[in-house]
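For any residue, its number in this note's numbering is found by taking its place in the sequence shown, counting from 1, and adding 47. From the three backbone atoms N, C-alpha and C, an ideal C-beta is built for every residue, glycine too. For reference, the structure is listed below as structure tokens.
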Amino acid sequence: MFQYNQLKVYFRDQFVDFSQANISIANTGFLYGLGAFTGIRAHYNTKHKQLYLFRPHDHFQRLYQACKLCYFDSFTTNFTAEKFITVLLELLGCNNIKEDAYVRVTTFVDEQSIGVQFNGYKDALAMFLYPLGDYVATTGMKCTVSSWRRVDDNAMPSRAKIVGAYVNTAFSKTEALLSGFDEAIVLDQTGNVVEGSAENIFIVRDGTIITPPVTDNILEGVTRRSVITIARDQGWQVIERSIDRSELYFADEIFLTGTACRVAPVVQVDHYPISDGTIGPIVQQLQTLYSAIVKGDQPDYNNWLVPVYQ
Ligand SMILES: Cc1ncc(COP(=O)(O)O)c(C=O)c1O
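In structure tokens form, the structure reads like this:
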């Protein structure tokens, strides 16, 4: 496993050593969480001797929209999807990464000022690699419904993946961990089920896969979109509609999706087992397929992958 702090990183338009990529304690982005980010996985296929980036165009599009929202003009002016992906490929290539890696990409206000605003400030981009294995238990998670509610779109748009918004994630995740659960399931202000602390959520009822719509204060997850496509390709009906809390306890299966957790089955919510408390057949099928797709072992989905090595 590589040492992330020994690698080259991308910082303020150039590749430098990790130890040289630092910001000041007076940095405005650091002081107020004024940044936007995404996390992208690259999966190494030992048979193919190839490292595959998963859907970097989609990550770029979402980050671009967040940067537009935050008036990060340097990013929106200087970066196209092509340039963004070129930097990602160079980052992975120059570090000679031959194992699974997580690329954390952050755009942030790069000023030294105590004024809290976006306009009139310059922004910068930072990318570093992290050797992220399984972010959560993929063998069946125990979740709890959080007492912390998801921030509303009119306060802090969840679809933008804004750095400061992850205080909300930390509250719900911490509460879940301290209560002995693996992960939190979060409701919005109206009481609808929206997400895990940092994952999208799906439930299965009577053979239909259900997930909240993008208008229910969720992050428009790249993995969510991929899993909807994969499930429909397998013949499952997938519908996007609001989910009541009690449907969690009634569900036949529940799973979370995200770049970090990939497809992660949930076997218990609060003190209720989901069905018989074991991993259900639909999530098992999707988990297996998704793992093969991201490694380039399902050629029908290779248009989602960008190979790093020529
Ligand atoms: C709040 C939240 N929801 C969902 C996701 C999953 O999104 P994606 O599949 O694009 O990684 C994340 C990812 O970090 C997240 O932070």
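**OP:** May I ask you to check if the CB of asparagine 247 is nearer than 7 Å to at least one heavy atom of ligand 1?
**Re:** yes
**OP:** With a threshold of 7 Å, establish whether the CB of arginine 292 neighbours any heavy atom of ligand 1.
**Re:** no
Subject >> At least three beta-carbon pairs within less than 8 Å, the segment 172 to 183 to the segment 204 to 216 >> reply: no
**OP:** Report back the beta-carbon spacing between proline 312 and valine 285 to the nearest angstrom; my notes put them in contact at under 8 Å.
**Re:** Rounded, the Cβ-Cβ distance is 17 Å, inconsistent with contact.
**OP:** Say yes only if the C-beta of glutamate 222 is nearer than 7 Å to one or more non-hydrogen atoms of ligand 1, and no if none qualify.
**Re:** no
**OP:** Measure the CB-CB distance between asparagine 361 and arginine 279 and report whether it falls below 8 Å.
**Re:** Not covered by the structure: residue 361. The range shown for the chain is 48 to 357.
Original post:
The beta strand (DSSP E) with cysteine 190 in it runs from where to where?
Top reply: 188 to 192
Original post:
Is there at least one non-hydrogen atom of ligand 3 closer than 7 Å to the beta-carbon of serine 66?
Top reply: Ligand 3 is absent from the structure shown, which contains only ligand 1.
**OP:** Taking serine 259 as part of the alpha helix (DSSP H), name the residues at either end of that continuous run.
**Re:** At residue 259 the sequence reads proline, which differs from the serine that was named. Looking at the DSSP string, proline 259 is not in any alpha helix (DSSP H), and its letter there is neither H nor E.
Subject >> proline 55 in three-state terms, based on DSSP >> reply: Per the sequence shown, residue 55 should be read as lysine rather than proline. In this structure, lysine 55 counts as strand in the three-state DSSP scheme.
Original post:
For glycine 343, does the count of other Cβ atoms within 10 angstroms reach 16, so buried, or fall short, so exposed?
Top reply: buried
Original post:
Taking the runs of the alpha helix (DSSP H) that are 4 residues or longer, which of them lie wholly in the segment 246 to 325?
Top reply: 269 to 280, 292 to 297
Original post:
Rounded C-beta distance between phenylalanine 101 and histidine 90? I'm assuming under 8 Å.
Top reply: 7 Å
Original post:
CB-CB under 7 Å to arginine 166, same chain, minus the five flanking residues each way: which ones, in chain order?
Top reply: The sequence given here places asparagine at residue 166; arginine does not occur at that position. These residues qualify, in order along the chain: Tyr118.
Original post:
Are tyrosine 356 and glycine 140 closer than 8 Å when you measure CB to CB?
Top reply: yes
Subject >> Selected residue, minimal CA-CA separation from leucine 410, among Arg292, Ser293, Val198, Arg59 >> reply: Any property of residue 410 remains undetermined from this structure, which presents the chain solely from 48 to 357.
Subject >> Contact the segment 330 to 341 vs the segment 75 to 83: 3+ CB pairs below 8 Å >> reply: no
Subject >> Where the alpha helix (DSSP H) containing isoleucine 132 begins and where it ends >> reply: 128 to 141
Original post:
Looking at C-alpha atoms only, which residue of Ile277, Ile256, Cys190, Leu81 is the closest neighbour of cysteine 114?
Top reply: Leu81
**OP:** Please confirm if the segment 189 to 205 is in contact with the segment 156 to 166, defined as three or more CB-CB distances below 8 Å between the two stretches.
**Re:** no
**OP:** Along the beta strand (DSSP E) that carries phenylalanine 155, what are the first and last residues, could you check?
**Re:** 148 to 156
**OP:** Please list, in chain order, all residues of the same chain as tryptophan 195 whose beta carbon is under 8 Å from its beta carbon, the five residues on each side excluded.
**Re:** Asn215, Phe218, Ser219, Glu222, Ala231, Val233
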